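Engineer: Numbers given in my numbering equal positions in the sequence shown, counted from 1, plus 20. All C-beta atoms, glycine included, are put in the ideal place defined by N, C-alpha and C. None of the values given here were measured: they were computed from a predicted structure.
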Amino acid sequence: MALFGKKHAGLSKVEVPPAMDADEAARIAFEHDLHLSKHHFVEGEHPVVRIEHLNKTFDGETIVLRDVNLNVWNGEIVVVLGPSGSGKSTMLRCINLLETPTAGHILIEDDEITGKRPKEVNFIRRELGMVFQSFNLFPHLTAKENVMIGQTKVLGKSKEEAEAEAIKQLEAVGLGDRIDYKPPQLSGGQQQRVAIARAVAMHPKVLLFDEPTSALDPELVRDVLNVMKELALHGDMTMIVVTHEMGFARDVADRVVFMEGGVVVEQGLPEDVFDHPQNERTAQFLGSIE
Ligand SMILES: Nc1ncnc2c1ncn2[C@@H]1O[C@H](COP(=O)(O)OP(=O)(O)O)[C@@H](O)[C@H]1O
Ligand SMILES: [Mg+2]
21 MALFGKKHAG
31 LSKVEVPPAM
41 DADEAARIAF
51 EHDLHLSKHH
61 FVEGEHPVVR
71 IEHLNKTFDG
81 ETIVLRDVNL
91 NVWNGEIVVV
101 LGPSGSGKST
111 MLRCINLLET
121 PTAGHILIED
131 DEITGKRPKE
141 VNFIRRELGM
151 VFQSFNLFPH
161 LTAKENVMIG
171 QTKVLGKSKE
181 EAEAEAIKQL
191 EAVGLGDRID
201 YKPPQLSGGQ
211 QQRVAIARAV
221 AMHPKVLLFD
231 EPTSALDPEL
241 VRDVLNVMKE
251 LALHGDMTMI
261 VVTHEMGFAR
271 DVADRVVFME
281 GGVVVEQGLP
291 EDVFDHPQNE
301 RTAQFLGSIE
């Protein structure tokens, strides 16, 4: 049994089996995902993220995630699509424990992160980078300082080390000439690139993106997508990206996951999901936005 958070009467009482044995889970996941992803599978490999029977209910009655099962492999780029309200953000927020799952298991490299104490949670969050729709930069700090602060405060790096890493990552996102600018002096696209540099500078095991371009003016979207593309293709980073950018998903995703109503409705290779969706809901959704 696995129950976390406040226990309300009724709907929120979801009981799920214990997390699977790591080798067994990896074997089942391998067989399940082998033809659904462009990831280069290695025999015996374990997924870096394992989500088993994830359920999330708000206020004891709003069911937002229903028995989500998903594995993400080292270096894999997973794009999550789905209509507004389908639970995409909630799933990402559960993965980095910004939300407490109602039931289920999330494991990072076979280490269960659900049901941990707050101190351990902070330790786990280091492993997970997040890029939000709204950038979430400190407005009074420069771009460089924004990229340094997590490194010094959370990772305990020296100022010199953190600064060198910050400059390197800001250069990588094309902002080498903006390191001393503060967020209000930067465009939305530039701010989002700072946020990406900040996340990458922490060298997380997994980078989570929650609609990173949705708040941007259309002409700024491309620069951010290009940075993400570069990271995905050359950064050997594991990424879970919630986005409505279908071009990005087609070009970059190893696997596309379609969610609706808190359920993973369909997943597969981008060309399969986009050109031959198996589920009618997927087809309808793609038809409505492409
Ligand atoms: N803190 C919360 N309290 C209550 N309901 C919430 C909360 N966060 C999200 N929800 C509800 O969960 C559902 C899924 O939300 P979300 O995960 O943000 O979907 P998506 O990211 O796919 O648009 C929505 O109906 C939303 O209203
Ligand atoms: Mg969302």
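If you compare alpha carbons, which of C114, V151, A39 and Q205 is closest to F229?
Structural biologist: Taking the sequence shown and counting its residues from 1, one reaches residue 229 at position 209. The residue with the shortest Cα to Cα distance from F229 is V151.
Engineer: Could you please give the first and the last residue of the uninterrupted beta strand (DSSP E) stretch that includes L74?
Structural biologist: Looking up residue 74 in the sequence shown gives position 54. V69 to F78 is the extent of the beta strand (DSSP E) around L74.
Engineer: Determine the burial state of Q287: buried for a count of at least 16 other Cβ atoms within 10 Å of its Cβ, exposed for fewer.
Structural biologist: Locating residue 287 in the sequence shown gives position 267, where the first residue counts as 1. With 16 or more other Cβ atoms within 10 Å, it is buried.
Engineer: Decide if the stretch 119-131 is in contact with the stretch 98-106; the criterion is three or more beta carbon pairs, one per stretch, under 8 Å apart.
Structural biologist: No, they do not touch.
Engineer: Determine which residues share a DSSP beta bridge with R270 and list them.
Structural biologist: Taking the first residue of the sequence shown as position 1, residue 270 is located at position 250. DSSP, once it has assigned bridges, lists no residue as partnering R270.
Engineer: Less than 7 Å between the CB of K320 and some heavy atom of ligand 2, yes or no?
Structural biologist: The shown model of the chain, from 21 to 310, leaves out residue 320, and the question about it has no answer.
Engineer: When DSSP labels each residue in this structure, what does V36 get in the three-state scheme?
Structural biologist: Locating residue 36 in the sequence shown gives position 16, counting from the first residue. In this structure, V36 counts as coil in the three-state DSSP scheme.
Engineer: M21 to V247, Cα distance in whole Å?
Structural biologist: Residue mapping note: residue 21 aligns to position 1 of the sequence shown, counting from 1. Residue mapping note: residue 247 aligns to position 227 of the sequence shown, counting from 1. Low local confidence applies: a pLDDT of 42 at M21 is under 50, so the model's placement there is unreliable, and no value is given.
Engineer: Roughly how many whole angstroms lie between the Cα atoms of L190 and T162?
Structural biologist: Residue numbering aside, residue 190 sits at position 170 when the sequence shown is read from its first letter. Residue numbering aside, residue 162 sits at position 142 when the sequence shown is read from its first letter. Each residue's alpha carbon lies about 12 Å from the other.
Engineer: Measuring alpha carbon to alpha carbon, tell me which of N94, L253, G176 and K202 ends up nearest R70.
Structural biologist: As a first step, residue 70 is located in the sequence shown; it is residue number 50 there, counting from the start. That would be N94, whose Cα lies nearest to the Cα of R70.
Engineer: Examine ligand 2 and report whether any of its heavy atoms sits within less than 7 Å of the Cβ of E231.
Structural biologist: On the sequence shown, position 211 is the one that residue 231 refers to. For ligand 2, at least one heavy atom lies less than 7 Å from the Cβ of E231.
Engineer: Applying the criterion that 16 or more other CB atoms from any shown protein chain within 10 Å of the CB defines a buried residue, is L148 buried or exposed?
Structural biologist: Locating residue 148 in the sequence shown gives position 128, counting from the first residue. By the 10 Å Cβ count, L148 comes out buried.
Engineer: Going by C-alpha distance, which of E183, P37, I216 and V92 is nearest E231?
Structural biologist: Position 211 of the sequence shown, counted from the first residue, corresponds to residue 231. When each option's Cα is compared against that of E231, the closest is I216.
Engineer: Around the C-beta of K26, are 16 or more other C-beta atoms found within 10 angstroms, so that it is buried, or is it exposed?
Structural biologist: Taking the sequence shown and counting its residues from 1, one reaches residue 26 at position 6. For K26, the predicted model reports a pLDDT of 46, less than 50, meaning its position is unreliable and no value from the coordinates is stated.
Engineer: M259 and A252: beta carbons closer than 8 Å?
Structural biologist: Translated into the one-based positions of the sequence shown, residue 259 becomes position 239. Translated into the one-based positions of the sequence shown, residue 252 becomes position 232. The answer is yes: Cβ separation under 8 Å.
Engineer: For the stretch 153-185, which segments carrying the alpha helix (DSSP H) assignment without a break, of at least 4 residues, lie completely within its bounds, in sequence order?
Structural biologist: Fully enclosed alpha helix (DSSP H) runs of 4 or longer: 163-173.
Engineer: With H, G and I counted as helix, E and B as strand and the rest as coil, what does DSSP make of V62?
Structural biologist: As a first step, residue 62 is located in the sequence shown; it is residue number 42 there, counting from the start. Correct three-state label for V62: coil.
Engineer: Say whether chain C places a C-beta atom closer than 8 Å to the C-beta of A39.
Structural biologist: Protein chain content of the structure displayed is limited to a single chain, and chain C is not contained in it.
Engineer: Following the continuous alpha helix (DSSP H) through M248, name the residue where it begins and the one where it ends.
Structural biologist: Counting from 1 along the sequence shown, the entry for residue 248 is found at position 228. M248 -> alpha helix (DSSP H) spans P238 to H254.
Engineer: With DSSP as the reference, identify every bridge partner of I128, one or two as the case may be.
Structural biologist: Locating residue 128 in the sequence shown gives position 108, counting from the first residue. I128 pairs with V69 and D131.
Engineer: If you follow the alpha helix (DSSP H) that V151 is in, where does it begin and where does it stop?
Structural biologist: Position 131 of the sequence shown, counting from 1, holds the residue named residue 151. First-last for V151: L148 to V151, but that is the beta strand (DSSP E), not the alpha helix (DSSP H).
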